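Comments concern the structure below.
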Amino acid sequence: MISLSGRRPALRAAGRGTPLSPLLRLLVLTQLAFNVGFFAVLPFLAEHLGTSVGLAGWLVGFVLGLRTFSQQGLFVVGGALADRYGIRPVVLTGCLLRIAGFVWLGFAERTWAVIGAVLLIGFAAALFSPAVESEVARQAVVWEAAGGGDRTRVLALFTVAGQAGAFVGPLLGALLLAVDFRTACLAGAAVFVLVLAGHARLLPQHIPGRERVRFGGGARLLLRNRRFLALCCAYGAYLLAYNQLYLALPAEVERAAGSQAPLAWLFALSSLLVVGAQLPVTRWAGRRLAPRRSMVAGLGLIAAGFAAVALARPAGWTGAGGLAPAAAFVGLLTLGQMLVAPVARAWVPDLAEDGRLGLYTGALSSVSGLIVLAGSSATGLLLDTGLPAAVPWLVLAAVPLAAAGLLPRRD
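In structure tokens:
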């Protein structure tokens with residue numbers, strides 16, 4: 223394992239301009255393509271299930287929850303499979319399942335068929351995403367050790383690629399919906415056909431330095447790794463805060479504007495901030511902040527975003543001025559994300575057991591997903607309890623601050 227505790231300014235300076243390896247470039251482009259195909263379909267799924275398929279509201283929510291569980295909850299399985307068999311077979315299998323899931327969803331008209339397609343779509347991501355993410359993290363460590371620069375810069379580029387895909391995908395899906403939902407599904411499947419063909423040709427059979435390990439024993443060591451579990455808790459708190467873009471923010475926008483129409487602009491603001499500012503922010507933080515301090519600063523900014531809404535709520539502002547606290551929340555949350563997410567992923571190789579990076583990468587998402595599931599339920603109750611308007615936002619502000627205290631020390 224390679225430690226991040228030393229920043230090595232001379233090494234970083236010597237590595238400026240060092241190109242990424244062909245494998246790293248392939249994996250970064252993979253993340254872009256994954257998200258284009260995924261977000262061309264999934265943002266429009268709820269409306270399709272409610273209007274075209276005719277599912278009840280509670281059943282729509284249940285189906286969407288199943289997709290999240292089959293994806294995030296099973297990341298640890300995909301990571302363990304990548305450690306055991308290598309990333310090539312796991313990624314290719316995941317692409318095949320995603321293609322089948324999208325085609326099935328496009329033609330599904332009964333509840334059981336929709337559920338089956340959605341589970342297949344989610345499990346496909348549980349296979350290929352931790353495999354790709356763990357290999358990106360491992361290759362970033364190799365790139366750093368060879369003098370390429372701080373590994374967080376690679377993880378930041380990976381984040382930008384994913385966010386760019388998340389921005390382009392819905393635009394593509396909205397155009398295709400002018401035909402129908404099935405066309406959007408088939409287009410999403412076509413994207414993954416291209417990804418499958420590219421990886422079948424370009425992804426190496428064996429990646430130097432990656433040794434395959436047996437299944438047994440990895441989970442037991444992981445559960446005893448207190449430093450890693452502490453990182454999972456802090457990362458889970460960040461994801462819980464990020465999830466408020468879909469839970470607390472819509473309620474605030476509805477209150478201030480009388481509708482949720484401004485949400486699209488606020489989501490676009492978040493995406494454009496990441497695409498435009500992630501790499502400069504990562505370079506700035508890499509020069510001035512150690513990894514733990516970067517995460518603490520990011521969690522502090524996220525807390526400040528919640529506090530901005532809490533302080534403005536008693537005034538009861540509406541209209542364009544009433545949306546200013548929500549915009550401040552989105553901006554601070556996104557800036558905090560830029561400091562937290564790449565560093566957290568870059569930290570995992572230092573905490574993982576040898577040969578278990580896939581398992582630990584998957585576990586980071588799975589454990590954090592469980593925290594988000596429990597925390598989102600508690601947040602929903604908090605928003606519905608009739609407490610003073612500022613209280614839920616103040617409670618949410620306290621969560622990332624508490625998480626900052628959980629972060630393990632670097633040494």
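If you're matching positions, the sequence shown starts at 223 in this note's numbering and goes up one per residue.
Even glycine gets a Cβ: it sits at the ideal position worked out from N, Cα and C.
Please read all numbers here as calculations on a predicted model, not as lab measurements.
Q | CB of A262 within 9 Å of CB of G328, strictly | A | no
Q | CA-to-CA distance, R477 to L521, given in whole angstroms | A | Each residue's Cα considered, the two are about 26 Å apart.
Q. If you draw a straight line from the alpha carbon of P547 to that of P430, how long is it in whole angstroms?
A. 50 Å
Q: May I have a chain-ordered list of the alpha helix (DSSP H) segments no shorter than 4 residues that lie completely inside the segment 420-479?
A: 440-445, 448-465, 470-479
Q) What's the gap between the Cα of L561 and the Cα of V475? A) Cα to Cα, L561 sits roughly 26 Å from V475.
Q: Closer than 7 Å by C-beta to P231: which residues in its own chain qualify, once you throw out the five before and the five after it? Chain order, please.
A: Low per-residue confidence applies at P231: pLDDT is 34, beneath 50, and the placement is therefore not dependable, though the value from the model is reported in the following sentence. For P231, where only same-chain residues beyond five positions count, there are no Cβ hits under 7 Å.
Q. What runs of the alpha helix (DSSP H), each 4 residues or longer, lie entirely inside the segment 539-590?
A. 541-544, 546-573
Q) Is W326 closer than 9 Å to G338 when the C-beta atoms are compared? A) yes
Q) With 16 other CB atoms within 10 Å as the buried threshold, where does R375 fall? A) buried
(Q) Going by DSSP in three states, V358 sits in which element: helix, strand or coil? (A) helix
Q: May I ask you to report which of helix, strand or coil DSSP gives D305?
A: helix
Q. Is W615 buried or exposed, if buried means 16 or more other CB atoms sit within 10 Å of its CB?
A. Around the C-beta of W615, 16 or more other C-beta atoms lie within 10 Å, and the residue is accordingly described as buried.
Q) Are the CB atoms of V313 and V354 nearer to each other than 9 Å? A) In this structure, V354 lies closer than 9 Å to V313 by Cβ.
Q. Which value, in whole angstroms, describes the spacing of the CA atoms of A636 and Y582?
A. Outside the shown range of the chain (223 to 633) lies residue 636, about which nothing can therefore be said.
Q.
Assuming A409 and L398 are in contact, meaning their beta carbons sit under 8 Å apart, how far apart are those beta carbons, in whole angstroms?
A. 5 Å
Q | N-terminal and C-terminal residue of the alpha helix (DSSP H) that F266 is part of | A | Annotation for F266: no alpha helix (DSSP H) segment contains it, and DSSP assigns it neither H nor E.
Q: Would you mind working out which of F256, F284, G259, N465 sits nearest A268, comparing C-alpha positions?
A: F284
(Q) Classify L471: buried if its beta carbon has 16 or more other beta carbons within 10 angstroms, exposed otherwise. (A) With 16 or more other Cβ atoms within 10 Å, it is buried.
Q: Count the other CB atoms, across all protein chains shown, that sit within 10 Å of the CB of W569; report buried if there are 16 or more and exposed otherwise.
A: buried
(Q) Can you tell me where the alpha helix (DSSP H) holding T240 begins and where it ends? (A) Premise fails: T240 is in no alpha helix (DSSP H) and is neither H nor E.
Q. Measuring CB to CB, does I321 end up less than 9 Å from F414?
A. Yes, the pair counts as a contact, with Cβ atoms nearer than the cut-off.
Q: Report the option in R360, V503, P244 whose CA atom is closest to the CA atom of P433.
A: It should be noted that the sequence gives Glu, not Pro, for residue 433. It is R360.
Q | Secondary structure of E331, DSSP reduced to three states | A | coil
Q.
Buried or exposed for W365, going by 16 or more other Cβ atoms inside 10 Å?
A. buried
Q. Is the CB-CB distance between A302 and G580 below 9 Å?
A. In contact: A302 and G580 (Cβ atoms closer than 9 Å).
Q) Which residues mark the beginning and the end of the alpha helix (DSSP H) in which L488 is found? A) 485-510
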